[in-house]
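J.:
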Amino acid sequence: MIAKPFLQAVPVLELIEESGFEAYFVGGSVRDHILGREISDVDIATSALPDELKEIFPKTVDLGIEHGTILVHYRGESYEITTFRSEAGYTDFRRPDQVSFIRSLRDDLQRRDFTMNAIAMDKEGNILDPFSGVEAISQKKIATVGNPEERFGEDALRMLRAVRFLSQLCFSIEKRTYDSLVKQCHLLDNIAVERKTVEFEKMLKGQNRNEAIRLLASSGMHQYLPGLKNHTEPLFQFSVSLFKDLQISEAWVLLLFHLELKGKEVEEFLRSWKLPVQTIKRYKLIYSWVLERNNGQSWTVETVYKAGIDIALSAEKVFTCLHTGKDESRRIIHLYESLPIRNRQELMVSGNDIMSWLGEKPGPWLRDVLEEVERAVINGKVPNDKEKIKVWLNGLNRKSEKS
Ligand code: ATP
Ligand code: MG
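No gaps in the numbering here: position 263 of the sequence shown is 262 in numbering that gives the first Met the number 0, and each next residue is one more.
(1) Under 8 Å, do K201 and F170 count as touching if we go by C-beta distance?
(2) Quick check on DSSP: helix, strand or coil for H221?
(3) Closer than 7 Å to a non-hydrogen atom of the ligand ATP - does that hold for the CB of N116?
(4) I'd like to confirm something about D42: is its beta-carbon nearer than 7 Å to some heavy atom of the ligand MG, or not?
(5) For G63, does the three-state DSSP call read helix, strand or coil?
(6) What's the gap between the Cα of T196 and the Cα of L224?
(7) Would you check if there are 3 or more beta carbon pairs closer than 8 Å linking the stretch 44-51 to the stretch 97-113?
(8) Would Q344 be called buried (16 or more neighbouring beta carbons within 10 Å of its own) or exposed?
(9) Near E17, which residues of its chain fall below 8 Å by C-beta distance, leaving aside the five closest residues on each side in sequence?
(10) Just list the residues that DSSP pairs Q97 with in beta bridges.
(11) Would you tell me roughly how many angstroms separate the C-alpha atoms of D384 and M347, rounded to the nearest one?
(12) Between the alpha carbons of V9 and K122, how many angstroms are there, rounded?
(13) At which residues does the alpha helix (DSSP H) containing D106 begin and terminate?
(14) Taking 7 Å as the cut-off, is the C-beta of G132 nearer than that to any heavy atom in the ligand MG?
(15) Looking at the strands, I want to know which residues DSSP matches up with V25.
(16) Among V144, A87, D91, which has the Cα closest to the Cα of D404?
(17) Kindly give me the distance between the Cβ atoms of Y23 and M120, rounded to whole angstroms, as I take these residues to be in contact under 8 Å.
(18) Using C-beta distances below 6 Å, list every residue in its chain close to P233, excluding the 5 sequence neighbours before and after it, in chain order.
(19) Nearer than 7 Å: is that true of the beta carbon of G27 relative to any heavy atom of the ligand MG?
(20) Considering Cα atoms alone, identify which of K263, E267, P275 is closest to S248.
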């Protein structure tokens, strides 16, 4: 049975065919359909040139006209349609020097990376498979279309794609493809960090990520990834400890831990992957709490309040990957739920209140007093009530005058 996203797109293929061109479903959606995996968006390949497509469909957006990809809006949906193309001359190991539009489906499939990604399906659901991609799928094998050494030489990113597919699909890499990957992995030096990061993160999210990470380390690919050069052993340890259902942020933090990064090194490492500033900030925070926990600190009302529930739970999850049997997640939730306030804004007194009660001018002392009040409220020494806090502060003042 053809899945719904394909059925919905059948009229698009029909319209292209009615104009005298060929059109097929291709790429990851066909692969995932054969695998029985859920598919999100379908990719369409056609013999029609971009300008010819624009005549067929009134609503289009150019996505990369030089590569022949346009977005077609049709009946409330949008479809990526790519003109059959062949590629030639990869002098920089990542981009073809020349892209030529062609009219042959076979030649278009031939330029694709892996046999499992080089299968086409027509609108009736018939499979066109000149490179035995279906067989590769049934054997769960990742193999390049054609000579792997050449194909990785053309575009080094394909090597990282292989590892991330291994992670996502629980496939293995066919021997000749693997051998070439080991031989050619130094070409990853030519790939932009941003593209490496995308593949690395997809890999981290995959079901088979443990094996994928081990493969990165054993093939030597990690030598050409930011901040991982000569960190073979930590990567193996990372792969072993990564057994929980971690979010991507938590996986990154676990990696930081195994790399034993300290101080400035943390930021430098995360920056070397070009992660966004806000993301780096968050990972650093989670990591700092993991280190606290690793130093033997249990969670307290104060630390849960300071970290916030999300950061605290993330840090605990990372920690439990390192030390099984010491999970304090429930305790964190309990402590958080028992907190009288969740942040400073919820405190019933302000700096102005305190200044007027004590009759003092603003100064650095005010921050200290506010922090003391905050701590007393969190620890239940005084209720979060303006009058009660005032009385409590007066009591404190009297005590300090006496001493
Ligand atoms: P995903 O499920 O992650 O989208 P996908 O296989 O669809 O996987 P895309 O990056 O969306 O991957 O690419 C769509 C198709 O384009 C691939 O299936 C493959 O046929 C081809 N392709 C993508 N990147 C490359 C590449 N670097 N070299 C050769 N062919 C590629
Ligand atoms: Mg895709």
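Ideal Cβ positions, reconstructed from N, Cα and C, are used throughout, including at glycine.
T.: The structure says:
(1) Numbered from its first residue, the sequence shown carries residue 201 at position 202. Numbered from its first residue, the sequence shown carries residue 170 at position 171. Result no, Cβ atoms of K201 and F170 do not sit closer than 8 Å.
(2) Residue 221 sits at position 222 when you count from the first residue of the sequence shown. Note: H221 maps to helix in three-state DSSP.
(3) Residue numbering aside, residue 116 sits at position 117 when the sequence shown is read from its first letter. N116 Cβ: within cutoff of the ligand ATP.
(4) Locating residue 42 in the sequence shown gives position 43, where the first residue counts as 1. D42: yes, Cβ under 7 Å from the ligand MG.
(5) Mapped onto the sequence shown, residue 63 falls at position 64. Residue state, collapsed to three classes: strand.
(6) Position 197 of the sequence shown holds residue 196. Position 225 of the sequence shown holds residue 224. One C-alpha to the other measures close to 9 Å.
(7) yes
(8) The count along the sequence shown starts at 1 and reaches residue 344 at position 345. The residue is exposed, with fewer than 16 neighbouring Cβ atoms inside 10 Å.
(9) Sequence index remark: in the sequence shown, residue 17 carries index 18 (1-based). No residues qualify anywhere along the chain.
(10) Translated into the one-based positions of the sequence shown, residue 97 becomes position 98. Q97 pairs with A87.
(11) As a working mapping, residue 384 is identified with position 385 in the sequence shown. As a working mapping, residue 347 is identified with position 348 in the sequence shown. Approximately 6 Å between the Cα atoms of the pair.
(12) Position 10 of the sequence shown, counting from 1, holds the residue named residue 9. Position 123 of the sequence shown, counting from 1, holds the residue named residue 122. Their Cα atoms are separated by approximately 6 Å.
(13) The residue labelled residue 106 in the question sits at position 107 within the sequence shown. Looking at the DSSP string, the run of the alpha helix (DSSP H) that includes D106 is 104-109.
(14) The residue labelled residue 132 in the question sits at position 133 within the sequence shown. No, the ligand MG has no heavy atom inside 7 Å of this Cβ.
(15) Taking the sequence shown and counting its residues from 1, one reaches residue 25 at position 26. In DSSP, V25 forms a bridge with D42.
(16) Because residue 404 is not part of the residues shown, which for the chain are 0 to 402, the question remains open.
(17) Start at 1 with the first residue of the sequence shown, and residue 23 comes out as number 24. Start at 1 with the first residue of the sequence shown, and residue 120 comes out as number 121. With a Cβ gap of about 6 Å, Y23 and M120 count as contacting.
(18) Taking the first residue of the sequence shown as 1, we reach residue 233 at position 234. Cβ within range, chain order: H257, L258.
(19) What you label residue 27 is simply residue 28 of the sequence shown in a count that begins at 1. Yes, the ligand MG has a heavy atom inside 7 Å of this Cβ.
(20) What you label residue 248 is simply residue 249 of the sequence shown in a count that begins at 1. Among K263, E267, P275, the Cα nearest to that of S248 belongs to P275.
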